[in-house]
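Heads up, the numbering used here is the position in the sequence shown plus 342, with the first residue counted as 1.
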Amino acid sequence: MGRQEWAYCNECEDLVDFDIFEEIVTEQYKGEEVRFKFHVGRCRCCGNEVATDTAYNSRKSEAKIKAYKKKRGIIDIDEISEILMKYDIGKEALADIAGFGKVTIKRYYEGFLPAKEYSDILYKILNDETWFMDLVQRSRTKLKEVTYRKIVARYDRLARINESKIDQIANYIIIRMEEVTPLALEKLLSFCNGVNYAVNGERLIFDESQAWAHGPVYPYIYNKYKKYGYKPIGDGIYSSHGWLVSKLSEKERTVIDMVIRTFGLYSPKTLEKISHSQEPWREKRVGYKDNEAGREAIDEESVERFYIENDLCTEEKIMRYILNCIREITFHAPGTRTDCAFRENMIQE
Ligand SMILES: [Zn+2]
343 MGRQEWAYCN ECEDLVDFDI FEEIVTEQYK GEEVRFKFHV GRCRCCGNEV ATDTAYNSRK
403 SEAKIKAYKK KRGIIDIDEI SEILMKYDIG KEALADIAGF GKVTIKRYYE GFLPAKEYSD
463 ILYKILNDET WFMDLVQRSR TKLKEVTYRK IVARYDRLAR INESKIDQIA NYIIIRMEEV
523 TPLALEKLLS FCNGVNYAVN GERLIFDESQ AWAHGPVYPY IYNKYKKYGY KPIGDGIYSS
583 HGWLVSKLSE KERTVIDMVI RTFGLYSPKT LEKISHSQEP WREKRVGYKD NEAGREAIDE
643 ESVERFYIEN DLCTEEKIMR YILNCIREIT FHAPGTRTDC AFRENMIQE
């Protein structure tokens, strides 16, 4: 990291060595007391606060304003950005739809604080898609035709995702991962479903999973995203509010995050190999050749048993499990050792 070695201490009037502590800072802002968490630099000689890097003071004032907004229930810039991404609109269009002056949203990005009543409207837009669409219809004459059509198209997609849990999980993974191929998505969905048994004791995905040659597959998701081939899927819609996560509980989102932070670190091919080592897939591939197409339904009870027996219920346990799988794959897969030797030769040359 770019941590500087010395900081200037006003008390010692010298460059000093310092430590960084996570502290709860209390400060005044606009006549109100706000408290926020911050990594505070402290002089090692006298304990006085020191700026640990050039961005220290601006970072601290941002944290303070963020805390103030949160305390007063005022929408944050990140949340306004979420509105723009969710509905696929620009700042001016949002201002028109919300009934604000044209430059209002732009001003917020320049640092102006939204008034409470404006902020409440924006929160409602973020959380309530139907209400948003009512506003759009009412302000239709103010919007360009192309903007209006884009919004309607986006609204239809949101409404469709609202009805399907597997779509919501897939969309959540696509957004969180930033880059995910159809092959990796299929594997991650199946790991999510399994880990949810180990963590929450219940099934996550109610669509049928099938034992295809390349691992477990949800045919509905496969058909939806196959056009991307080996490329990352590029049609995720970002929002952590409203319809996009309406069928997911907090507990379930925790499981999905857990899978993303563990299995999500590995390449699609590695994930495929891990899925090939799992009993619920293997038992449905008996009698099939390696690359032979198969459509047998995976047995959910077998999935539940596998994840509970392997105790895949924390990030640490999942990481250990993955590393074990990779070790097995590396030492037992035919051809792998030759591959390693080959690569070593390349490096020597
Ligand atoms: Zn000092």
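In this text, a Cβ means the ideal position worked out from N, Cα and C, and glycines have one as well.
Is the Cβ-Cβ distance between residue i and residue j less than 7 Å?
i	j	result
F648	E621	yes
F378	A397	no
V597	V537	yes
K507	K566	no
V392	F380	no
W473	K466	yes
G389	I362	no
T496	D430	The amino acid at residue 496 is misidentified as Thr; the sequence shows Arg. Cβ atoms of R496 and D430: closer than 7 Å.
E646	Y539	yes
Return yes when at least one heavy atom of ligand 1 lies under 6 Å from the C-beta of residue i, else no.
i	result
E353	yes
V358	yes
N535	no
N666	no
C387	yes
N390	yes
Leaving out five residues on either side along the sequence, give the residues of the same chain with a beta carbon under 6 Å from the beta carbon of residue i.
i	result
M427	Y580
I447	K433, L436, A437
Q346	D395
R637	Q552
H583	L468, N469
M688	Caution is warranted here: a pLDDT of 36 is assigned to M688, below 50, making its placement in the model unreliable, and the coordinate value is therefore given only provisionally. Answer for M688: no residue qualifies.
N542	K593
T489	A435
Excluding sequence positions up to five away, which residues of its chain have a Cβ less than 8 Å from the Cβ of residue i?
i	result
I660	V537, M600, V601, T604, F605, L654
I503	D509, Q510, N513, I579, W585, L586
E471	Y497, L500, A501, N504, G584, W585
S644	E621, P622, E625
D418	K408, K411, K412
Just to check my reading of the structure: residue i and residue j have Cβ atoms closer than 8 Å, yes? What is that Cβ distance to the nearest angstrom?
i	j	result
S532	P558	4 Å
L586	L464	Wrong, their Cβ atoms sit about 17 Å apart, outside the cutoff.
A553	R627	5 Å
E657	A555	With 8 Å as the limit, E657 and A555 do not qualify as a contact, their Cβ atoms being about 30 Å apart.
P524	K568	6 Å
V376	K413	6 Å
Considering only residues of the same chain and omitting the five flanking positions on each side of residue i, which have a CB-CB separation below 7 Å?
i	result
I416	L455, P456, K458, S461
K615	I671
D641	P622
D549	I508, Y560, Y562
S617	K529, S532, G557, P558, W623
How far does the alpha helix (DSSP H) with residue i in it extend, from its first residue to its last?
i	result
L473	It should be pointed out that residue 473 corresponds to Trp in this sequence rather than to Leu. It spans 471-480 - the alpha helix (DSSP H) in which W473 sits, taken as one unbroken run.
G606	Looking at the DSSP string, G606 is not in any alpha helix (DSSP H), and its letter there is neither H nor E.
P558	Careful: P558 lies outside any alpha helix (DSSP H), inside the beta strand (DSSP E) at 557-559.
W554	W554 -> not in any alpha helix (DSSP H); beta strand (DSSP E) instead, spanning 552-554.
V537	524-542
E404	398-414
S423	419-429
Y630	No alpha helix (DSSP H) contains Y630, which DSSP labels as neither H nor E.
Starting from residue i, trace the beta strand (DSSP E) in both directions and tell me its first and last residue.
i	result
W585	Here W585 belongs to no beta strand (DSSP E), and DSSP marks it neither H nor E.
D356	356-358
K444	From DSSP, K444 is part of no beta strand (DSSP E); its letter is neither H nor E.
Y375	The amino acid occupying residue 375 in the given sequence is Glu; Tyr does not appear at that position. Per DSSP, E375 belongs to the beta strand (DSSP E) from 374-385.
A349	349-351
Are any of the Cβ atoms in chain C nearer than 7 Å to that of residue i?
i	result
G576	Here there is only one protein chain, and chain C is not present.
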